[in-house]
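*Asks:* In the numbering used here, the protein residues as written are 728 to 954.
C-beta: ideal position from N, C-alpha, C; glycine also.
Keep in mind that this is a model prediction, so the values were computed, not measured.
Handing you this structure, nothing more for now.
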Ligand SMILES: [Zn+2]
Ligand SMILES: [Zn+2]
C-alpha cells in the first residue's frame with residue numbers, strides 16, 4: 728500500500744461492498760461467502776449444458792455462444808453488484824477481478840479473445856462519471872493477459888434501466904442500441920464481452936449481435952454474476 732492509499736484509508740476508511748462493515752473493500756467474510764457459479768446450464772433456457780455454452784436450440788436464436796458467470800447469485804452478491812454499479816469502488820476492483828479470472832481459467836481458459844466491456848451511453852457516462860463494467864473488464868484483461876478494447880463497441884442511444892422493465896420490454900429497449908466502430912478490428916476476431924450481471928441477457932445478446940453483424944467470428948460473455 729502506498730502513502731496516498733494509506734492516507735485515503737485514514738480519511739475515508741474502506742467499507743466492505745458486501746456488508747458495509749469498515750476495514751476493507753471486500754471483507755474476508757463476504758469474500759469467503761461467494762461461491763463459484765457452476766455454469767452448468769444454458770444461460771437462456773436453463774437446460775443443462777457444459778461450461779455455460781448455449782444449447783443448440785438457443786444457439787439458433789441468440790448471437791452469443793457462451794456465458795460464464797464468476798459467482799453464484801445470492802443476496803450478498805446482489806448487494807455487491809448494486810454497490811459496484813452506483814458507488815465509487817475502484818479499490819475493490821482487483822479483488823473482484825481475481826474472481827473473474829478464476830472463473831475464466833476454469834470455463835474459458837484456452838480461448839484467445841479480445842475483451843470488450845458493455846459501454847454506457849455518453850449521457851449516462853457523464854451522469855455517473857465512470858463505467859464500472861469497463862473498470863472490471865480492463866483489470867480482468869490485464870491479469871488474464873488478453874487484449875482489452877473499449878473503442879470497438881459504442882452505445883448509440885440511451886436506454887431505460889433494464890431492471891425496471893419486463894422481459895419483452897427489455898428486448899425492445901436495447902434493440903439497435905449499439906454500433907460497432909472500427910469494424911475492421913472486429914473482423915474474424917473472437918470477442919469476450921463483459922458486463923457485471925447477466926439477467927435476461929438482452930443487453931449482452933444485442934451487443935453480441937452487433938459485433939457478429941460487423942464480422943466477429945465468435946462472441947461470448949463473462950459476467951460477475953448470473954441474476
Ligand atoms: Zn463484508
Ligand atoms: Zn438454451
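Given 8 angstroms as the limit, is there contact between the region 848 to 862 and the region 927 to 938, that is, 3 or more CB pairs closer than that?
*Replies:* no
*Asks:* Evaluate residue 953 with the Cβ neighbour count: other Cβ atoms within 10 Å of its Cβ, from every protein chain shown; 16 or more gives buried, anything less gives exposed.
*Replies:* By 1-based counting over the chain shown, the position of residue 953 is 226. Buried, because 16 or more other Cβ atoms sit within 10 Å of the Cβ of residue 953.
*Asks:* Pick out every residue whose C-beta is nearer than 6 angstroms to a heavy atom of ligand 1: which are they, in chain order?
*Replies:* 743, 745, 746, 748, 754, 756, 757
*Asks:* Taking all protein chains shown into account, decide if residue 776 is buried (16 or more other Cβ within 10 angstroms of its Cβ) or exposed.
*Replies:* Indexing the chain shown from 1 puts residue 776 at position 49. By the 10 Å Cβ count, residue 776 comes out buried.
*Asks:* From which residue to which residue does the alpha helix (DSSP H) around residue 930 run?
*Replies:* As a first step, residue 930 must be located in the chain shown, where it is residue number 203. Element bounds for residue 930: 929 to 940.
*Asks:* Using only the alpha-carbon positions, how far apart do residue 872 and residue 784 sit?
*Replies:* Counting from one through the chain shown, the residue named residue 872 turns up at place 145. Counting from one through the chain shown, the residue named residue 784 turns up at place 57. Cα to Cα, the separation comes out at about 33 angstroms.
*Asks:* Can you list, in chain order, the stretches of the beta strand (DSSP E) that have 3 or more residues and sit fully within the region 802 to 872?
*Replies:* 841 to 844
*Asks:* Using the Cα positions of residue 812 and residue 942, report the straight-line distance between them to the nearest angstrom.
*Replies:* By 1-based counting over the chain shown, the position of residue 812 is 85. By 1-based counting over the chain shown, the position of residue 942 is 215. Roughly 31 angstroms separates the two Cα atoms.
*Asks:* Quick check: is the beta carbon of residue 925 nearer than 8 angstroms to any beta carbon in chain D?
*Replies:* The chain labelled as chain D is not found in the depicted structure, where only one protein chain is given.
*Asks:* Go to residue 757, then tell me how far its alpha helix (DSSP H) extends in each direction, as first and last residue.
*Replies:* Position 30 of the chain shown, counted from the first residue, corresponds to residue 757. Counting along the chain, the unbroken alpha helix (DSSP H) around residue 757 starts and ends at 755 to 760.
*Asks:* Return the first residue and the last residue of the alpha helix (DSSP H) that residue 882 is part of.
*Replies:* Within the chain shown, the letter at position 155 stands for residue 882. Element bounds for residue 882: not the alpha helix (DSSP H) but the beta strand (DSSP E), 880 to 882.
*Asks:* I need the straight-line Cα distance from residue 805 to residue 908, nearest angstrom please.
*Replies:* Numbered from its first residue, the chain shown carries residue 805 at position 78. Numbered from its first residue, the chain shown carries residue 908 at position 181. Rounded to whole angstroms, residue 805 to residue 908 spans 33 angstroms at the Cα level.
*Asks:* Please go through the same chain and pick out, in chain order, the residues whose beta-carbon is closer than 6 angstroms to the beta-carbon of residue 830, but skip the five residues on each side of it.
*Replies:* Residue numbering aside, residue 830 sits at position 103 when the chain shown is read from its first letter. Closer than 6 angstroms at the Cβ level, and outside the excluded window around residue 830, lie 795, 797.
*Asks:* Work out the CA separation of residue 762 and residue 835 for me, nearest whole Å.
*Replies:* On the chain shown, residue 835 is found 108 positions in, with the first residue counted as 1. On the chain shown, residue 762 is found 35 positions in, with the first residue counted as 1. Approximately 18 angstroms, taken between the alpha carbons.
*Asks:* Once the 5 residues before and after residue 855 are set aside, which same chain residues still bring their CB inside 6 angstroms of it?
*Replies:* Within the chain shown, residue 855 is the residue found at index 128, counting from 1. Within the same chain, residue 855 has no close Cβ partners at all.
*Asks:* At the level of alpha carbons, what is the spacing between residue 827 and residue 756?
*Replies:* Taking the first residue of the chain shown as position 1, residue 827 is located at position 100. Taking the first residue of the chain shown as position 1, residue 756 is located at position 29. A straight line joining the alpha-carbon of residue 827 with that of residue 756 spans about 18 angstroms.
*Asks:* Please tell me whether, using a cut-off of 7 angstroms, the distance from the CB of residue 823 to the nearest non-hydrogen atom of ligand 2 is below it.
*Replies:* Within the chain shown, numbered from 1, the residue matching residue 823 stands at position 96. Not one heavy atom of ligand 2 lies closer than 7 angstroms to the C-beta of residue 823.
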